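Everything on this sheet refers to the single structure shown next.
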Amino acid sequence: MNRHRAVHQAAALLLSYPGPDWPQRVAQVTAVLTRLRCPEADLLLGFCRGAAQEPPLDLAARYVTTFDRSRRRTLHLTHYTDGDTRRRGASLAGLKSHYRAHGWEPDGGELPDFLPAMLEFAARCPQAGTPLLHQYRGAVELLAQALDAHRSPYADVLRAVRSTLPAGPRPMPAPDDSAPVPFPILTAPGDEGVRR
Numbered sequence: 009m010n011r012h013r014a015v016h017q018a019a020a021l022l023l024s025y026p027g028p029d030w031p032q033r034v035a036q037v038t039a040v041l042t043r044l045r046c047p048e049a050d051l052l053l054g055f056c057r058g059a060a061q062e063p064p065l066d067l068a069a070r071y072v073t074t075f076d077r078s079r080r081r082t083l084h085l086t087h088y089t090d091g092d093t094r095r096r097g098a099s100l101a102g103l104k105s106h107y108r109a110h111g112w113e114p115d116g117g118e119l120p121d122f123l124p125a126m127l128e129f130a131a132r133c134p135q136a137g138t139p140l141l142h143q144y145r146g147a148v149e150l151l152a153q154a155l156d157a158h159r160s161p162y163a164d165v166l167r168a169v170r171s172t173l174p175a176g177p178r179p180m181p182a183p184d185d186s187a188p189v190p191f192p193i194l195t196a197p198g199d200e201g202v203r204r
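Sequential numbering from 9 applies to the sequence shown in our numbering.
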């Protein structure tokens, strides 16, 4: 498995909800990453060390607070590109169709724009999944900035993912969490969006 595929798979596992299988998941990821000598692996291993020291209930609460209670830190990438618009439905349908066209069906009942699902797809089917991740680089950048602003340990996981994507235009600055901003963030002026 090449470096980017390993990083994408590890990040997919680490960005998924830390349920009862979390200790085994972290042990698996750690075992693979210790053999991978690269800056991305170091970032992910640092996250694993910190997460292994946190009580499971605290880790689960941190995950929910970080990703499920803030639109600015959601793992559903079409929120950044389409917001709560009709266009988001078309984007979700397109992602689902893209996965199926390549013989892959994400499990877990999540929407197809869920970053861990996209990362797993890129790890399992890099010819189709890696360009898809590149297409959502701006959303990944915004999420990474929001995690940095929140001082979340998950920011290191996003840094590792970001470093596997080619550089592109600079993303818009992350919005201040206290100020309501229209969504979608990455759409052109005049597109419909919903205020937080």
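All C-beta atoms, glycine included, are put in the ideal place defined by N, C-alpha and C. Note that the structure is a prediction, hence the values are computed from the model and not measured.
| Asked | Found |
| --- | --- |
| Taking DSSP as the reference, what is the three-state secondary structure of residue 84? | strand |
| Within 8 Å, do at least three Cβ pairs link the region 79-95 to the region 144-152? | yes |
| Enumerate in chain order the residues of its own chain whose CB-to-CB distance from residue 186 is below 6 Å, with the five nearest sequence positions on each side excluded. | Residue placement at residue 186 cannot be trusted, given a pLDDT of 38 that sits under 50; what the coordinates show is reported in the next sentence. Excluding positions up to five away in sequence, the list is empty. |
| Go to residue 91, then tell me how far its alpha helix (DSSP H) extends in each direction, as first and last residue. | Neither: residue 91 is in no alpha helix (DSSP H) and is coded neither H nor E. |
| Should residue 124 be labelled buried (16 or more other beta-carbon atoms within 10 Å of its own) or exposed? | buried |
| Contact defined as beta carbons within less than 8 Å: I believe residue 23 pairs with residue 162. What is the distance between those atoms, to the nearest angstrom? | 7 Å |
| Of the choices 106, 14, 118, whose alpha-carbon is the least far from that of residue 143? | 106 |
| Note the first and the last residue of the continuous alpha helix (DSSP H) segment covering residue 165. | 163-170 |
| Using DSSP bridges, identify the partner residues of residue 75. | For residue 75, which the question treats as bridged, DSSP gives no partner whatsoever. |
| Should residue 145 and residue 173 be called a contact, given that it needs their Cβ atoms to be closer than 9 Å? | yes |
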